[in-house]
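Chains as they are written, first to last, in the numbering used here: chain A, 6 to 375; chain B, -5 to 311. By construction, the Cβ of each residue, glycine as well, lies at the ideal position given by its N, Cα and C atoms. Below is one structure; the comments refer to it alone.
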C-alpha cells in the first residue's frame, strides 16, 4: 500500500512534467517540415546572400502575440528582398524550454547570418551560443544580452501604457481603474508604471488598483480578479497578462451580456485585441497597447544586411520608431475627442516634454510631481 | 460583511463547479477500485470538444449551444475514457500508467486537431459561452437572494445537484452498493454474482462523462477558447478534492468548494477590512496553506477504497 502511494506520487510528478513537455505538441510537424525545406534552401540562395531566422519561445509561431508578430516582420522583410520561408528566412518553433539550444544550433548549422531569439526566456541560451559562434549575429527580443555579435531589442512599453492610461482616464465614469499583471517582474512593472502615470496625468484623483495573477496562463484567476474589480466600481481594466487576460475578457463580456447599458471596458495588450472583446453587437475592448515587434525585427534585419549591425547595443523601440502604438479599432468607444487628446500626449512624449516612468519608484516621483 | 459575501460566494461557485463535476467522476472511478489519474486528460478532452462544438454549431442552436456542447463533451469524454477502462480493467495494466497516458493523449489530440482544423495554436473565442443569470423567484429573497441567486452560472447549481444525485446513487441504490463492493473486495463481490468487470467499466465511463462535463464547463464559463494551457492542473485539483473529500461525493463537493473559497479569498482578501493589512504574499499562498492545514488537521485519516488501484484477476487470491 505504501509503495503504491509512492508510485502514485512519482507518476503524478512525471505526468505533470510530460504535460508541460507535450504543450504545443502539434507544432512538431511544421518544425520538421521547416527543417527539410531549410536544408534545401541553402543551395538555392541567390537573390541575396544574407539570411535571417528566428527561434520562438514556447508560445509558438501563431500565439497571436509577439512570436507571431516577429515572424510576420521577418516574412515582410523577406518579401522585400525576394526571400521566402526556407529560402533565406526561417523560424524554428520551440515546444519546450529544452528546445531552445537545439533550435539555435540547427539554425547556426544552416548558416543563417542573423538569428533572433524571441522572448526573455531565451536569454541564457542565446547568450551561450552567441559566445560560442562569434561569426553569427544574434538578436534578443524583450531582454538584453552582452556580446559583440549580439544586439538586444527592447520596447518602451511604458510609453504605450501611458497612452492607454490617458484614454482610460478620459473614458472612466467612476474614476477607478484596474491593472491586472501577469508576473510581478521588471518587464510588467513597466506596463503598470506607464498606465498609472498616464491616468494620473489626466486626473490625479483617479484611483488605480493593481493586482498580479502570478501567472501568464491562469484564466480562472484572471476572471476572479476581474469580477472583484468590476464589483468594486472599477470600470476599465488594463491587462498585461497573456492568457490570464482571457479570464478578464470573459468576465467583462459576461457582465456586458447581462447588462448591455453598463459601461465597462478592457484594454488589450501586445496587439489589437478587438476581436476578443466582441459580444453580440457590443465590444468591451476600449483600445489596446500595441507592440510592433515586426517593426523592430525588420529594422534590425535591414541594418545587419547593410553591414551596420548595432554590435552589443541595447535598442529601445518606442513611439518614435512607430513600434509602440494604441489601437483605435473600437470607434464607438474611442471617440474623436479621446483620440485627439491621446495623440496630444503622444506628441509630448515624442518631443521629450513628458518622461514616462518605468519603475514603481519613478512612478511615485512622477505622480508627486504632477 | 454582506457586501464581501456577495462578491465572494458567486466567485466560489463558478470556480468550483468544474472541479465538482470532475471530482464526482473521480469518486465513481475510485470507489469501484480504478485509480483515475486521467481526470486531467478527460477535462482537456471535454474542454476541447465543448469549445469546438460550440464554435461549429453556435449558429444552429443559438442560446442552447452551451448546454448541447457540454452534453456532447461528456459523451465524447465517456467514449474517450473507455481507453482507460480497457487498459486497466480488461488488460490489468497499471492504472496509474494508463491514467498518465490518457493525460498525454488528450492534450496531444486536442492541440494537434486545433492546429489541423483552425491552423493556429488556439481557437477563437466562442460566441455562445455560459452567461450569468438571476434565478427567478429565488433571487428576490432579501439578503440570501443577491448572495446565492443573482449573477450565478446555472452550471454551478447543476454541479451541486449532481453531487447529491451521486451520493444517492452510491449510497442508496443497489447499483451503488455493488459499485462500492467491487472497490472494497472484488473477490467477495464476484462470489456474490456481481460482474466486477462490468461494474468497473461503468464506473470508469461515468468518470469520463463527468470529467468531460467538468472540462467543458470550465472552458465555457471561464476561458472561452481552447489552447494547450486551457486546462493546467484543474484535473489534479479535482483528484485532490476526491482524496480530501474522503472518496465521498458530498465530501468531494465540499473540498472543491473549499478550493474555490481559498482561491477567491486570495484575491478578494485585500478588500476585507480584517485582512487588509496582511501582505499580499500571504494571501497568494493562502489557498495552499489552508489546504495543507485542512488535510493535516481537520480531516483525519483518509481511507481509500481497499481495492483501489488493484486490477482484479479472477481466481487469484
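Check                                                                                                                                                                                                    : Outcome
Please list, in chain order, all residues of the same chain as residue 45 of chain A whose beta carbon is under 6 Å from its beta carbon, the five residues on each side excluded.                       : For residue 45 of chain A, the pLDDT reaches just 40, beneath the cut-off of 50, and the residue's location in the model is therefore unreliable, although a value from the coordinates is still provided. Nothing listed; no residue qualifies.
So, for residue 42 of chain A: in the same chain, excluding its five sequence neighbours on each side, which residues have a beta-carbon less than 6 Å away from its beta-carbon?                        : Annotation note: pLDDT 41 at residue 42 of chain A (below 50); position unreliable, coordinate value reported separately. Correct list, in chain order: 91.
When you compare only the Cα positions, how much space is there between residue 140 of chain A and residue 312 of chain A?                                                                               : 13 Å
Which residues in chain A sit within 8 Å of residue 219 of chain B, going by Cβ to Cβ distance?                                                                                                          : 251
Work out the CA separation of residue 246 of chain A and residue 168 of chain A for me, nearest whole Å.                                                                                                 : 18 Å
Could you work out which residues of chain B lie near residue 262 of chain A, taking near to mean beta carbons separated by less than 7 Å?                                                               : 125
Please determine, among B:47, B:138, B:77 and B:150, the residue with the shortest C-alpha to C-alpha distance to residue 16 of chain B.                                                                 : B:150
Measure how close the beta-carbons of residue 285 of chain B and residue 256 of chain B come, nearest whole angstrom, since I'm counting them as under 8 Å.                                              : 7 Å
Run through chain B and tell me which residues come within less than 7 Å of residue 225 of chain A, C-beta to C-beta.                                                                                    : 9 and 216
Of all the residues that make up the region 237 to 249 of chain A, which are near chain B by a beta-carbon distance shorter than 7 Å?                                                                    : 237 and 248
Would the region 44 to 53 of chain B count as touching the region 17 to 30 of chain B if we require 3 or more Cβ pairs under 8 Å?                                                                        : no
Would residue 47 of chain A pass as an interface residue toward chain B - the criterion being a Cβ-Cβ separation below 8 Å?                                                                              : Low confidence applies to residue 47 of chain A: its pLDDT is 41, below 50, so where it sits in the model is not reliable enough to give any reading.
Using a Cβ-Cβ cut-off of 7 Å (strictly less than) and excluding sequence neighbours within five positions of residue 51 of chain A, which residues of its own chain qualify?                             : Note that residue 51 of chain A has pLDDT 43, beneath the 50 cutoff, so the model's placement of it is unreliable and the number below is only indicative. Correct list: empty, nothing qualifies.
Using only alpha-carbon positions, find the residue among B:66, B:-5 and B:1 that is nearest to residue 228 of chain A.                                                                                  : B:1
From residue 270 of chain B to residue 342 of chain A, what distance separates their C-alpha atoms?                                                                                                      : 39 Å
What is the rounded straight-line gap between the Cα of residue 372 of chain A and the Cα of residue 201 of chain A?                                                                                     : 9 Å
Just to confirm the assignment, what range does the alpha helix (DSSP H) spanning residue 280 of chain A have?                                                                                           : No alpha helix (DSSP H) contains residue 280 of chain A, which DSSP labels as neither H nor E.
Please decide whether residue 278 of chain B counts as near chain A, where near means a Cβ-Cβ distance under 8 Å.                                                                                        : yes
Given this structure, state the Cα-to-Cα distance separating residue 66 of chain A from residue 354 of chain A, to the nearest angstrom.                                                                 : 32 Å
Return the chain-ordered list of same chain residues with a C-beta closer than 7 Å to the C-beta of residue 63 of chain B, the five sequence neighbours on each side being excluded.                     : 44, 47, 48, 210 and 214
Work out the CA separation of residue 303 of chain A and residue 127 of chain B for me, nearest whole Å.                                                                                                 : 49 Å
If contact is defined by three or more beta carbon pairs under 8 Å, each pair taking one atom from either stretch, is the region 113 to 133 of chain A in contact with the region 282 to 297 of chain A? : no
Could you confirm whether any beta carbon from chain A is found closer than 8 Å to the beta carbon of residue 115 of chain B?                                                                            : yes
Going residue by residue through the region 226 to 312 of chain A, where are the continuous beta strand (DSSP E) segments of at least 3 residues, counting only ones entirely within it?                 : 241 to 245, 270 to 275 and 290 to 296
Closer than 7 Å by C-beta to residue 48 of chain A: which residues in its own chain qualify, once you throw out the five before and the five after it? Chain order, please.                              : Low confidence applies here, because residue 48 of chain A scores a pLDDT of 39, under 50, leaving its location unreliable and the question unanswered by this model.
Quick check on the DSSP output: the beta strand (DSSP E) that includes residue 319 of chain A runs from which residue to which?                                                                          : 319 to 322
List the residues of chain A that residue 176 of chain B touches, going by C-beta distances under 7 Å, in chain order.                                                                                   : Those within 7 Å of residue 176 of chain B in chain A number zero; the least Cβ separation is about 18 Å.
Using a 10 Å radius around the Cβ and a threshold of 16 neighbouring Cβ atoms, would you call residue -5 of chain B buried or exposed?                                                                   : exposed
Give a yes or no on whether the minimum CB-CB distance between residue 54 of chain B and chain A is below 8 Å.                                                                                           : no
Can you give the Cα-Cα distance for residue 128 of chain A and residue 150 of chain A, rounded to whole angstroms?                                                                                       : 7 Å
Would you say residue 265 of chain B reaches chain A, if we count a Cβ-Cβ gap shorter than 8 Å as a contact?                                                                                             : yes
Out of B:310, B:175 and B:9, point me to the one whose CA is closest to residue 197 of chain B's CA.                                                                                                     : B:175
Assuming residue 215 of chain A and residue 184 of chain A form a contact by the criterion Cβ under 8 Å, report the distance between their Cβ atoms to the nearest whole angstrom.                       : 5 Å
Provide the residue span of the beta strand (DSSP E) that contains residue 330 of chain A, from first to last.                                                                                           : 329 to 331
DSSP has residue 216 of chain A in a bridge; who is on the other side?                                                                                                                                   : A:185
Would you call the CB atoms of residue 176 of chain A and residue 260 of chain A closer than 8 Å?                                                                                                        : no
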